[in-house]
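So the sequence shown is residues 7 to 247, counted in the numbering used here.
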Amino acid sequence: MGLRSFIIPAVDIKDGKAVRLFKGDPNAVTVYGNDPVSVAKMWEEKGAKHLHIVDLDGAFEGKPKNYRVVEKIVKSVNIPVEFGGGLRNFDAVKTMFNIGVEKVVIGSLAYQDRDLFLRIIDAFPEKVVVGIDAKDGKVAIKGWLEKTEYTPLEFALQFDDLKIWGFLYTDVNRDGAMVGPNIEGTKKLAEKLKHPVIASGGVGSLEDVKKLYQIKKFGVYGVVVGKALYEGKINLEQLED
């Protein structure tokens, strides 16, 4: 796996548009495209091997709001799509798999309703990514608005023996800020967990990606990149697969 395959472009959807938030703030929005489907296809054309789709409206409102858009994306690209945002009940998760999503990212529900989360994992083994959104060293839920008492590792260890795909670790304080990813936090998680970890938040340059790539051997599967791709700080086409 080369650097291009290691990068997972993010398509964040809000009000039907492709956007990025600054540090998870719903009021700090930059619009990068009025048609998320075209944006998703563009990343595939540039060589992306997979996509990370987030329904921001869903994350804040507690149920997917843009699944029609996601369905169009899935039908328009030939690469795997992982989806997160507002998946707080069984039917919402089932709907996403029915429209062709490869993996789902679940964070808040894993914290709030373990029984339901276990039911989802039983129904869709190896298809669930546990979302770990960290804010000031603690796991945050409900669209990053509510902090829990858990550290990322404490939270992750509760699920590491289950039939999940792995974990998505986002440092919310860095997300969209291009200040560099939390290398230390990502490595600490990956080397302590059995399942792979996807990094997210803070990537501002190709150097940042390379630093994460260097800790791949500890179990870091890839990195979700948004703003740095959209603003041309990283050029997918120039990278090796």
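Note that CB positions come from ideal geometry on N, CA and C, so glycine has one too.
If you're wondering where the values come from, they're calculated on a predicted model, not measured in any experiment.
| Going along the chain, which residues of its own chain have a beta-carbon closer than 8 Å to the beta-carbon of Ile-240, five neighbours each way excluded? | Looking up residue 240 in the sequence shown gives position 234. Excluding residues within five positions, the ones whose Cβ falls inside 8 Å are Ile-13, Val-209, Ser-211, Leu-212, Val-215, Val-231, Ala-234.
| request: Go through its chain and collect everything with a Cβ distance to Val-80's Cβ below 7 Å, but skip five positions before and after it. | output: Here residue 80 is taken as the residue at index 74 of the sequence shown, counted from 1. So the list reads Val-87, Ile-105, Gly-106, Val-107, once near-sequence residues are dropped.
| request: Could you tell me whether the segment 95-102 touches the segment 42-57, where touching means 3 or more Cβ pairs closer than 8 Å? | output: no
| Would you call the CB atoms of Ile-138 and Phe-161 closer than 9 Å? | In the sequence shown, residue 138 corresponds to position 132, counting from 1. In the sequence shown, residue 161 corresponds to position 155, counting from 1. Contact: yes.
| Residue environment, Lys-223, which counts as buried when at least 16 other CB atoms sit within 10 Å | The sequence position of residue 223 within the sequence shown is 217, counting from 1. It is exposed - the Cβ of Lys-223 has fewer than 16 other Cβ atoms within 10 Å.
| task | Assign Lys-47 to one of three DSSP states: helix, strand, or coil. | result | Numbered from 1 along the sequence shown, position 41 holds the residue referred to as residue 47. Correct three-state label for Lys-47: helix.
| task | Would you mind sorting Gly-143 into buried or exposed? The rule is 16 or more other CB atoms within 10 Å of its CB. | result | Sequence index remark: in the sequence shown, residue 143 carries index 137 (1-based). Counting Cβ neighbours within 10 Å, Gly-143 comes out exposed, since fewer than 16 surround it.
| message | So, for Val-17: in the same chain, excluding its five sequence neighbours on each side, which residues have a beta-carbon less than 8 Å away from its beta-carbon? | response | Here the question's residue 17 lines up with position 11 in the sequence shown. These residues qualify, in order along the chain: Ala-24, Pro-42, Val-45, Ala-46, Trp-49, Leu-57, His-58, Ile-59, Val-60, Ile-79.
| Can you tell me whether DSSP reads Phe-130 as helix, strand or coil? | Residue numbering aside, residue 130 sits at position 124 when the sequence shown is read from its first letter. Looking at Phe-130 - three-state DSSP - the assignment turns out to be coil, as it is neither helix nor strand.
| message | Strictly by DSSP, which residues pair up with Gly-137? | response | As a working mapping, residue 137 is identified with position 131 in the sequence shown. DSSP lists Leu-174 as partners of Gly-137.
| query | Counting along the chain, where does the beta strand (DSSP E) carrying Gly-90 start and finish? | reply | The sequence position of residue 90 within the sequence shown is 84, counting from 1. Note, Gly-90: beta strand (DSSP E), 87-90.
| field | Residue nearest to Leu-174 in terms of C-alpha spacing, selected from Lys-193, Gly-186, Met-184, Val-185 | value | The sequence position of residue 174 within the sequence shown is 168, counting from 1. Checked all of Lys-193, Gly-186, Met-184, Val-185; the closest Cα to Leu-174 is Lys-193.
| task | Give every residue of the same chain whose Cβ lies closer than 8 Å to the Cβ of Leu-9, excluding the five residues on either side of it in the sequence, and list them in chain order. | result | Position 3 of the sequence shown holds residue 9. Here the set comprises Leu-212, Val-215, Lys-216, Tyr-219, Leu-245, Glu-246.
| Along the chain, where does the alpha helix (DSSP H) that runs through Thr-36 open and close? | The residue labelled residue 36 in the question sits at position 30 within the sequence shown. Premise fails: Thr-36 lies in the beta strand (DSSP E), 31-39, not in any alpha helix (DSSP H).
| said: Once DSSP output is grouped into helix, strand and coil, what is the label at Val-61? | reply: Here residue 61 refers to the residue found at position 55 of the sequence shown. Contrary to the premise, residue 61 reads as Asp rather than Val in this sequence. Asp-61 falls in the strand class under three-state DSSP.
| said: Classify Asn-84: buried if its beta carbon has 16 or more other beta carbons within 10 angstroms, exposed otherwise. | reply: Translated into the one-based positions of the sequence shown, residue 84 becomes position 78. Counting Cβ neighbours within 10 Å, Asn-84 comes out exposed, since fewer than 16 surround it.
| Under a Cβ-count criterion, where at least 16 other Cβ atoms within 10 Å of its own Cβ denotes burial, should Asp-177 be classed as buried or exposed? | Looking up residue 177 in the sequence shown gives position 171. Counting Cβ neighbours within 10 Å, Asp-177 comes out buried, since at least 16 surround it.
| request: Return the chain-ordered list of same chain residues with a C-beta closer than 6 Å to the C-beta of Leu-115, the five sequence neighbours on each side being excluded. | output: Position 109 of the sequence shown, counted from the start, is the residue given in the question as residue 115. Around Leu-115: Arg-94, Phe-123.
| task | Would you mind listing the alpha helix (DSSP H) stretches within the segment 168-213 that are 4+ residues and don't spill past its ends, in chain order? | result | 189-198
| query | Within this structure, are the beta carbons of Gly-90 and Val-35 separated by less than 9 Å? | reply | Within the sequence shown, residue 90 is the residue found at index 84, counting from 1. Within the sequence shown, residue 35 is the residue found at index 29, counting from 1. Result no, Cβ atoms of Gly-90 and Val-35 do not sit closer than 9 Å.
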